[in-house]
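Taking it in order: structure first as structure tokens, then the write-up.
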């Protein structure tokens, strides 16, 4: 077999592989030109392209399955419920954060407030206060840690309950 | 004068189609913008707009109506949850189908991992209501219906990777670039899967329905 025949057969085989994509409109400009040029001289490939076009026309005509009647309504209802839950969760987190911050501020102010109410202004500058600041710091730190731990445990419990529900 | 009138009619038709497309696009962009602001009515409009296409695509992938329904709902919940992160400059449809695809694949991995392998499976797909005949139709209508039914069965038997590409191209009428975005794959991969999917489909048709001629 001559080289020219071999080259033609290779070209023919290559074009045949592109015909399904040609019918699907999926060729780039170069491929499209090659295929069009080949089809002008090859009735066999032109017939093959027609077969592919018939299949692809059929694919576009496969009937659309019916969507269940209430699927859209159920989907929207579920989304609304999820939105409402998220909104509740965000509000609760804000309230929890405010409560924690308030408790920290309250604890920080409680020692000088107690001094002020119990012993007056001078005791704030007295020897007793200088020695007691360590106790105050420990007491404050303990209250902050306890408050934060309580908030975290409460949030975890609420999340668990929600998941179960 | 007649060719001129014909040309004017064609131009009017083209302008009309372009106007309708623009209107659809503007409507879609407005709905997406409203959903990003937390408007649930916008979500309802989007669900209604895409219900047929999304359900069809999910059913094509998972092949079980109950599973497709559940994934349909999960997809929209995810859309609502992630819409704040959606870049409005992106193609919303491609993003929607990407979310749906990812959920469907995760579902198949959990429940039917074997269906993700490149093997043919036999599944039956409920005959759509539109195929159930009422009055006796003409012969050519019967033949056309039979062919589309054959195509639907042959497509149903393809491996998932080919089924989804054919569905996105011929049922959802997506461009190759959009399909590449949904599949998160290069364009060359999309073309390769499209070609092999069509070839496998044709072999399946010829094996199941040898007497049908496709011309």
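Residue numbers (the working numbering), protein chains in the order written: chain Z, 237 to 401; chain S, 56 to 270. By construction, the Cβ of each residue, glycine as well, lies at the ideal position given by its N, Cα and C atoms.
Do you know whose CA, among the options, lies nearest residue i's CA?
| i | options | result |
| --- | --- | --- |
| residue 378 (chain Z) | Z:349, Z:340, Z:399 and Z:393 | Z:340 |
| residue 28 (chain S) | S:110, S:107, S:112 and S:86 | As displayed, chain S neither begins before 56 nor continues past 270, which places residue 28 (chain S) out of reach and without an answer. |
| residue 199 (chain S) | Z:268, Z:251, Z:284 and Z:298 | Z:298 |
| residue 155 (chain S) | S:205, S:140, S:219 and S:142 | S:219 |
| residue 291 (chain Z) | S:165, S:171 and S:204 | S:204 |
| residue 248 (chain Z) | Z:279, Z:260 and Z:264 | Z:279 |
| residue 315 (chain Z) | S:139, S:138 and S:128 | S:128 |
| residue 320 (chain Z) | S:150, S:119 and S:93 | S:93 |
| residue 293 (chain Z) | Z:303, Z:318 and Z:258 | Z:258 |
| residue 238 (chain S) | S:64, S:104 and S:116 | S:116 |
| residue 385 (chain Z) | Z:370, Z:344 and Z:335 | Z:335 |
| residue 16 (chain S) | S:234, S:89 and S:244 | A query on residue 16 (chain S) cannot be resolved here, the shown segment of chain S reaching from 56 to 270 and no further. |
| residue 152 (chain S) | S:212, S:226, S:260 and S:246 | S:226 |
| residue 167 (chain S) | S:119, S:242 and S:247 | S:119 |
| residue 380 (chain Z) | Z:337, Z:296, Z:246 and Z:252 | Z:337 |
| residue 274 (chain Z) | Z:318, Z:264 and Z:254 | Z:254 |
| residue 261 (chain S) | S:131, S:208, S:162 and S:124 | S:208 |
| residue 371 (chain Z) | Z:344, Z:388 and Z:390 | Z:344 |
| residue 105 (chain S) | S:160, S:131 and S:241 | S:131 |
| residue 376 (chain Z) | Z:342, Z:390, Z:399 and Z:333 | Z:342 |
| residue 123 (chain S) | S:161, S:143, S:148 and S:140 | S:161 |
| residue 296 (chain Z) | S:169, S:60 and S:206 | S:206 |
| residue 332 (chain Z) | Z:266, Z:265, Z:262 and Z:389 | Z:389 |
| residue 256 (chain Z) | Z:346, Z:282 and Z:324 | Z:282 |
| residue 242 (chain S) | Z:305, Z:374, Z:262 and Z:252 | Z:262 |
| residue 264 (chain Z) | S:240, S:263, S:265 and S:232 | S:232 |
| residue 263 (chain S) | S:212, S:197, S:165 and S:133 | S:212 |
| residue 369 (chain Z) | Z:348, Z:382, Z:387 and Z:383 | Z:348 |
So residue i and residue j are in contact, right, with Cβ under 8 Å, and what is the actual spacing, rounded?
| i | j | result |
| --- | --- | --- |
| residue 135 (chain S) | residue 83 (chain S) | Their Cβ separation, rounded to whole angstroms, is 16 Å, which puts residue 135 (chain S) and residue 83 (chain S) out of contact at 8 Å. |
| residue 301 (chain Z) | residue 202 (chain S) | Incorrect: roughly 18 Å between the Cβ atoms, too far for contact. |
| residue 126 (chain S) | residue 158 (chain S) | 5 Å |
| residue 303 (chain Z) | residue 107 (chain S) | 6 Å |
| residue 210 (chain S) | residue 221 (chain S) | 6 Å |
| residue 224 (chain S) | residue 260 (chain Z) | 6 Å |
| residue 91 (chain S) | residue 138 (chain S) | 5 Å |
| residue 164 (chain S) | residue 171 (chain S) | 7 Å |
Quiz item: Going along the chain, which residues of the segment 243 to 260 of chain S sit with their C-beta nearer than 8 Å to a C-beta in chain Z?
Solution: 246, 249, 250, 253, 254, 256, 257 and 260
Practice problem: Count the CB pairs spanning the segment 99 to 117 of chain S and the segment 276 to 288 of chain Z that are closer than 8 Å, and state whether there are at least three. | Solution: no
Quiz prompt | Members of the segment 305 to 328 of chain Z near chain S, C-beta cut-off 7 Å | solution = 307, 308, 310, 311, 312, 314, 315, 316, 318 and 319
Quiz item: Looking at C-beta atoms only, is the number of pairs between the segment 248 to 255 of chain S and the segment 267 to 277 of chain Z that lie closer than 8 Å three or more?
Solution: no
Self-check item: Contacting positions in the segment 290 to 302 of chain Z - beta carbon closer than 8 Å to chain S
Solution: 290, 291, 292, 294, 295, 296, 297, 298, 299, 300, 301 and 302
Self-check item: Any 3 or more C-beta pairs closer than 8 Å across the segment 316 to 333 of chain Z and the segment 377 to 395 of chain Z
Solution: yes
Quiz item: Counting Cβ pairs, one atom from each stretch, are 3 or more of them under 8 Å apart for the segment 309 to 327 of chain Z and the segment 206 to 222 of chain S?
Solution: no
Exercise. Identify each residue in the segment 86 to 114 of chain S for which the Cβ-Cβ distance to at least one residue of chain Z is less than 7 Å, and report them in chain order.
Key: 95, 98, 99, 102, 103, 106, 107, 110, 111 and 114
Practice problem: Closer than 9 Å, Cβ to Cβ, to anything on chain Z: give me those residues from the segment 203 to 214 of chain S, in chain order. | Solution: 203, 204, 205, 206, 207 and 210
Quiz item: According to a CB-to-CB cut-off of less than 7 Å, which residues of the segment 255 to 271 of chain Z neighbour chain S?
Solution: 256, 257, 260 and 262
Practice problem: For the segment 111 to 140 of chain S, enumerate the residues whose C-beta is nearer than 7 Å to any C-beta of chain Z, in chain order. | Solution: 111, 114, 124, 127, 128, 131, 132 and 135
Quiz item: Considering only residues of the segment 107 to 173 of chain S, which uninterrupted alpha helix (DSSP H) runs meet the minimum length of 4 residues and lie entirely inside it, listed in chain order?
Solution: 120 to 137 and 147 to 166
Quiz item: Whole alpha helix (DSSP H) runs in the segment 199 to 226 of chain S with 4 or more residues, listed along the chain?
Solution: 215 to 221
Exercise. Output the residue ranges of the beta strand (DSSP E) runs that lie fully inside the segment 266 to 309 of chain Z and measure 3 residues or longer, sorted by chain position.
Key: none
Self-check item: Residues in the segment 225 to 244 of chain S having any Cβ partner in chain Z nearer than 9 Å
Solution: 225, 226, 228 and 231
Quiz item: Residues in the segment 138 to 159 of chain S with C-beta within 7 Å of chain Z's C-beta atoms, listed in sequence order?
Solution: none
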